[in-house]
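Input: a single structure, listed below in structure tokens.
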Amino acid sequence: MKASALAFMALAWGVILIWMYLAVGKLLKAEQKS
Amino acid sequence: MEQRDRWATKLGLILAMAGNAIGLGNFWRFPYQAAKYGGGAFMIPYFVALFLLGIPVMWIEWVEGRYGGKYGHGTLGPTFYLMARESVKPRTAVIFGMIGGMLAFSVTSLLNGYYLHIVGWSAAYTYFSATGAYMGASSTYDFFVNYIQNTPQVLVFWAISVGLLGIAVGQGVSKGIERWVKVMMPALYVAAILLVIRSLTLGSPVKPEWSSIKGFEYLWEPRFSDVSWEAALAAAGQIFFTLSLGMGIIQNYASYLGPEDDVALSGLATVSLNEFAEVILGGSIAIPIAFAYLGPEGVKAGVGLAYLALPNVFMNMPGGQLFGALWFLLLWFAGFTSAIAMYNYLVALLEEDLKINRKIGSAIIFALYFIIGLPIALDKTLLLLTDLDMWVGSYLLVVLGLFDIIVGVWLFKPENFWEELHRGAYIKVPEWVKPIIKYIAPLYVLILLGKNTWDYFNNGTITMSQKYLEYLVNNEALISTTTEYARKIVIESRAVIILVLIISAIEAYMAIKKKYGEELEKNEVIIKL
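Top line first, the protein sequences correspond to chains A and B.
The numbering of the first sequence is the numbering used here, which starts it at 1 and goes up by one.
The numbering of the second sequence is the numbering used here, which starts it at 35 and goes up by one.
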């Protein structure tokens with residue numbers, strides 16, 4: 001796989017995975033607290 | 035005020051909202067659009083549209099829904115009326131209520147009218163894959179055409195899907211929809227992950243230069259020259275479509291929240307789950323698998339990829355029956371969890387506006403979808419579905435999105451909106467997001483709407499020109515047909531749309547008048563919580 005394709009894929013996947021981890025994780029934590 | 039049903043758990047709500055957003059388009063439309071408009075480079079306009087348009091409108095719809103729910107409404111007519119009267123007199127606010135109610139009713143009845151058929155096709159193809167019905171067929175196109183022409187068979191799989199939807203909706207929000215999505219959504223993710231694993235392990239089964247990894251490269255290789263204005267607007271359209279915005283269904287689900295429940299972080303979490311399903315899972319299944327077996331030409335089939343090209347692949351793949359069944363089951367789950375939200379919108383409308391019991395309401399909506407769906411099933415060319423989709427599935431959504439912002443932010447007043455967004459919120463949205471919501475998101479929607487209108491005018495869609503009819507006959511018809519037939523179908527489609535718009539505007543007015551009649555008479559706000 002070409003490096004440019006891999007870079008774009010990794011960037012898009014990375015942004016989404018981190019965002020999902022933070023948003024869903026924080027939501028579940030907040031729910032547990034309340 | 036009578037107690038409305040509420041989501042039992044936050045997890046149930048988020049899964050329901052994610053299920054609402056994750057639809058068939060995540061798995062077939064996104065990869066096709068990305069490959070067409072610049073590969074990896076498509077992600078630039080895609081993420082820009084997501085942050086400047088998708089997330090703001092998602093927040094607006096959550097806020098609108100929870101606000102309407104506080105007054106006991108899960109439909110857009112009364113909700114828009116209540117929000118608009120913050121700036122204008124009740125007799126003017128009722129006009130916005132009628133527009134919102136009209137558009138949401140039309141989308142949830144007509145769009146689901148044909149969407150449910152596609153859900154039915156997915157159920158049928160799950161069965162055909164599991165039983166190996168199309169394995170060894172000389173042409174998967176002929177197999178599909180034969181299936182579409184067999185109306186009783188089409189209606190059986192339609193009825194199974196819609197019947198199950200009716201049962202789930204009839205059981206209520208917390209005891210029905212929430213329980214169903216708590217099973218279906220994890221199953222959807224598991225099915226998608228299994229297919230991604232299969233896609234990654236395919237190797238080069240046909241030619242050394244064709245492999246699923248080459249398919250990933252085809253999808254992600256950035257082609258900046260393909261990122262035009264058209265690509266930017268296609269990205270914005272995809273964001274609108276994938277997040278299920280402009281349909282009234284996010285508001286409907288949010289109306290079952292408590293008045294102090296978080297919407298800011300929940301909206302963000304819903305979008306993230308949708309993007310995971312679309313970009314990561316959706317981008318890793320159809321195109322890489324098709325590329326490994328059919329090469330670069332085979333993946334250009336557009337939406338035909340799902341029902342025409344992939345069965346061809348499953349025929350030749352080791353374990354094809356199992357993975358074919360898994361693929362169509364995935365599509366069925368994705369379609370089902372979106373269709374259930376549209377179904378619930380209409381049942382809520384009957385329940386709240388006409389005081390019809392939920393179970394009976396559910397049966398009435400089943401009958402309504404049958405009436406709307408029958409002409410679609412009987413049209414073997416699929417042109418009725420195509421023309422309805424042009425207007426309802428692509429155009430009316432954006433119009434409603436624009437009114438979402440006009441009413442939910444501008445008429446409700448930006449400071450009220452900001453306060454509502456932060457009521458009970460688990461996060462503080464930065465101040466710099468405010469101008470995006472106030473100015474940039476509506477501008478985005480206006481440009482998108484302007485471009486759609488311009489295109490529809492130029493290609494004769496609005497005027498039903500000969501050029502448009504020839505386009506339908508030559509490019510969209512499933513089987514060969516004539517422009518005379520296309521004209522008849524297009525007239526039928528437009529007549530149905532206009533009729534439904536008129537009926538739904540009247541219904542929205544009656545619903546508002548029933549509860550806020552005194553306000554309309556005196557032209558002043560009386561009921562305020």
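Positions of the beta carbon are idealized from the N, C-alpha and C atoms, including for glycine.
When the Cα of L480 of chain B is compared with those of B:Y460, B:R457, B:L431, which residue comes out closest? B:L431
Under 7 Å by beta carbon: chain A residues contacting M77 of chain B: F8, A12
Touching by the beta-carbon criterion (3+ pairs, under 8 Å), the segment 353-363 of chain B and the segment 154-164 of chain B: yes
Taking the alpha carbon of A52 of chain B as the point to measure from, which residue in B:G200, B:F64, B:S306 has its own alpha carbon closest? B:S306
Compute the Euclidean distance between the alpha carbons of F370 of chain B and V153 of chain B, then round it to the nearest angstrom. 7 Å
Give me the chain E residues within the contact set of Y460 of chain B, using Cβ-Cβ distance strictly less than 8 Å, ordered along the chain. Chain labels in this structure do not include chain E; the protein chains are A and B.
Nearest-angstrom Cα distance between M132 of chain B and Y168 of chain B? 48 Å
Indicate whether the contact test is met: 3 or more Cβ pairs, each with one atom in the segment 115-130 of chain B and one in the segment 494-506 of chain B, closer than 8 Å. no
In chain B, which residues lie with their C-beta within 9 Å of the C-beta of A3 of chain A? Within chain B, no residue comes near A3 of chain A; the closest Cβ sits about 10 Å away, beyond 9 Å.
Option in B:V347, B:G197, B:T142, B:A42 with minimal Cα separation from K393 of chain B: B:G197
Counting only the same chain and skipping the five closest in sequence on each side, list residues whose C-beta sits under 7 Å from that of A221 of chain B. F367
Among B:I525, B:V91, B:A50, B:G103, which one has its Cα closest to the Cα of L291 of chain B? B:G103
So for H107 of chain B, helix, strand or coil by DSSP? coil
May I ask you to report which of helix, strand or coil DSSP gives R392 of chain B? helix
Considering only residues of the segment 213-250 of chain B, which uninterrupted alpha helix (DSSP H) runs meet the minimum length of 4 residues and lie entirely inside it, listed in chain order? none
Using C-beta distances below 7 Å, list every residue in its chain close to V179 of chain B, excluding the 5 sequence neighbours before and after it, in chain order. L512, I513
Alpha helix (DSSP H) containing K44 of chain B: first to last residue? 44-55
Return the CA-CA distance between W244 of chain B and G237 of chain B, expressed in angstroms with no decimal places. 8 Å
Neighbourhood of L189 of chain B by C-beta, 7 Å cutoff - its chain only, sequence neighbours within 5 removed: A411
With a CB to CB cut of under 8 Å and the five nearest residues on each side skipped, what residues in its chain are close to E552 of chain B? I560
Residue span of the alpha helix (DSSP H) that contains M498 of chain B, given as start and end: Here M498 of chain B belongs to no alpha helix (DSSP H), and DSSP marks it neither H nor E.
Enumerate in chain order the residues of its own chain whose CB-to-CB distance from W214 of chain B is below 6 Å, with the five nearest sequence positions on each side excluded. A202
Give a yes or no on whether the C-beta atoms belonging to G111 of chain B and A375 of chain B are separated by under 7 Å. no
If you measure from the CB of R257 of chain B, is any heavy atom of the ligand FAD nearer than 6 Å? Here there are no bound small molecules, and the ligand FAD is not part of this structure.
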